[in-house]
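These protein sequence lines are chains H and X, in that order.
The first sequence lines up with residues 65 to 213 when you count with the working numbering.
The second sequence lines up with residues 65 to 213 when you count with the working numbering.
In this text, a Cβ means the ideal position worked out from N, Cα and C, and glycines have one as well.
Protein chains: 2
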Amino acid sequence: METNRFRTLISEGRLKATKQREKILNIFLKSSGHQNLAQIYSQVAKENPKIGYSTVYRTLKLLTRFGMAAQRKFVDGETRYEPIAGGSHHDHLVCLDCGNIIEFENETLEILQNNIAQQYRFKISHHRMELYGRCADCELKKEIRRRKR
Amino acid sequence: METNRFRTLISEGRLKATKQREKILNIFLKSSGHQNLAQIYSQVAKENPKIGYSTVYRTLKLLTRFGMAAQRKFVDGETRYEPIAGGSHHDHLVCLDCGNIIEFENETLEILQNNIAQQYRFKISHHRMELYGRCADCELKKEIRRRKR
DNA sequence: CTTAATGCAAAAACTTTGCAGTAGA
DNA sequence: TCTACTGCAAAGTTTTTGCATTAAG
C-alpha cells in the first residue's frame, strides 16, 4: 500500500507522519489525477477545513521529492499534480474541447525514446508525451451540432 | 519571410502593424527559442528601452494566436515561448543538468501518434514529446569528475 | 478622424516563506 | 523534552488589465 511506502520514507528522513499529511496523501491518491493545487486543497478542506493551503502545498512538494507525485504542466498552463504509481509509465491524451485527460501506455514509445536518445548521445531518465486534439465524445457532439444546422 | 506573413495576418484582422510589434517579432524570431517572457523583454529593452513589458506580453500572445509562437512549459515550471517555423514539427531533449534544450525531428513519432489516436478514437491536432535526461556534454563532465576522485 | 496599440502602474493570480503555537517521536 | 509541522498572514513572483495618451490606417 502506498501509505506504508510514505510512512517508511517519512521515518527514513526523520520527518513526522502527521494526520494532515496522511489525509492529503489519501485524497491525492484517490483523486482522478491531473488536479491543480487549488483543486486538491478544496477536496482536503471539504473533509477537514482546518488544514491550511500551505500544508497542502508543502505536502505535495514533499510527495514530489519522494517520487510519489509529479508536477505536470499541459498547454493550458495549469500546474497539475499526478500520483505516480510504482513502475508503470503512462502518457496523456488531452482533449482541447472539454479538457479531459486520458492516460495511455505504449511500449513502442519507450523503444522509440531510446533510439532517439542514442542518436543524440543523450542519457534518458524519462520522457513525457502528450497528444492534443478532440476526444470521441466531443467529436460526436460536434457532429450532432453540425447536423442540426 | 515571416515578417510578411505577420503583416498579412495583422491586416486581415484589421489590426495595426506597429514598430514595437515588428521589433518584438524580429528579436523573437532571431532568438534561440525557449525563452521566457522576461528574457525576451530584456532583449527587446536592450534595443529599445521605451517598449514596455506589457507590449511584449501582448505581442507574444498575438503571435501565439497567429500560430507563429507557442507557449511551452517544461518540467522546471518556466513558461517559455518558441517560434513556430511553418510546417516542420520538432520535439525536445531537455538536459536536467545544464538545462539545455535540443530540438529533434522524428517521423516515426508522427506515425505512432496517429496509431495511438486511432486506438482511442481521438482526433489529433498536434503532439508534444519531451525526453529528459543528461546531454553528452554533461555526461562527459560527470565522467571526468568521477575519474578525478 | 477613428480606433487599435502602447506604457505605465496597479490589480489579480499564483507560489513561497517567516514565525509563533502545536503536536509527533 | 526536542524538533519538525501547521496555519495564518504576509511577501514574493508572474501574469493580466484599466486607462489616458499616442500613432497607424
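Can you name the residues of chain X whose CB is closer than 9 Å to the CB of residue i?
i	result
H/H191	M193, E194, L195, Y196 and G197
H/A200	Y184, R185, F186 and K187
H/T143	K137 and G141
H/I166	Y184 and F186
Start and end of the beta strand (DSSP E) containing residue i?
i	result
H/E194	K187 to R198
X/F130	Run containing X/F130: none; DSSP gives neither H nor E here.
H/V158	D155 to C159
X/F168	I165 to F168
X/Y145	T143 to P147
Just how far apart, CA to CA, sit residue i and residue j?
i	j	result
X/I104	H/F138	22 Å
X/N170	H/N179	10 Å
H/K212	X/G97	44 Å
X/Q182	H/I165	16 Å
X/I188	H/H156	12 Å
X/R210	X/D201	14 Å
X/A133	H/R78	47 Å
H/L93	H/L124	11 Å
X/S95	X/E142	17 Å
X/H153	X/I175	13 Å
H/Q107	H/R144	14 Å
H/C199	X/E76	31 Å
X/F70	X/F168	26 Å
H/N68	H/K80	14 Å
H/Y184	X/Y184	31 Å
X/Q177	H/D140	20 Å
X/L173	H/L173	8 Å
Of all the options the options, which has the alpha carbon lying nearest to the alpha carbon of residue i?
i	options	result
X/L73	X/L93, X/Y184 and X/F130	X/F130
X/N90	X/I180, X/E76, X/M65 and X/L79	X/M65
X/I148	X/L101, X/L127 and X/H156	X/L127
H/V120	H/M132, H/Q135, H/L93 and H/A102	H/A102
H/R122	H/Q135, H/G141 and H/H154	H/Q135
X/E146	X/T172, X/Q99, X/L173 and X/S106	X/Q99
X/K110	X/I88, X/L173 and X/K125	X/I88
H/F186	X/K80, X/G197, X/L173 and X/Y184	X/G197
From what residue to what residue does the alpha helix (DSSP H) around residue i run?
i	result
H/T67	E66 to E76
H/N179	E171 to Q183
X/Q107	L101 to E111
H/K94	K83 to K94
In chain H, which residues lie less than 8 Å from residue i when you measure between Cβ atoms?
i	result
X/A133	Within chain H, no residue comes near X/A133; the closest Cβ sits about 13 Å away, beyond 8 Å.
Name the chain X residues that come within less than 7 Å of residue i, Cβ to Cβ?
i	result
H/A181	L195 and G197
Show which residues of chain H have a CB atom less than 9 Å away from the CB atom of residue i.
i	result
X/L173	L173, L176, I180 and M193
X/E203	R185, F186 and K187
X/L126	Here the premise fails: no neighbours, minimum Cβ distance about 17 Å.
So residue i contacts chain X; which residues on that side make the cut at Cβ distance below 8 Å?
i	result
H/N170	L176 and I180
H/L160	S189
H/L157	I180, A181, Y184 and F186
Query raised in the report: Taking three-plus beta-carbon pairs below 8 Å as touching, is the segment 188-207 of chain X in contact with the segment 174-194 of chain H?
Result: yes
**Report entry** the segment 108-120 of chain H / the segment 82-89 of chain H touching (three or more Cβ pairs under 8 Å)
**Finding:** yes
Query raised in the report: Below 8 Å, can you find three or more Cβ-Cβ pairs linking the segment 151-164 of chain H to the segment 194-208 of chain H?
Result: yes
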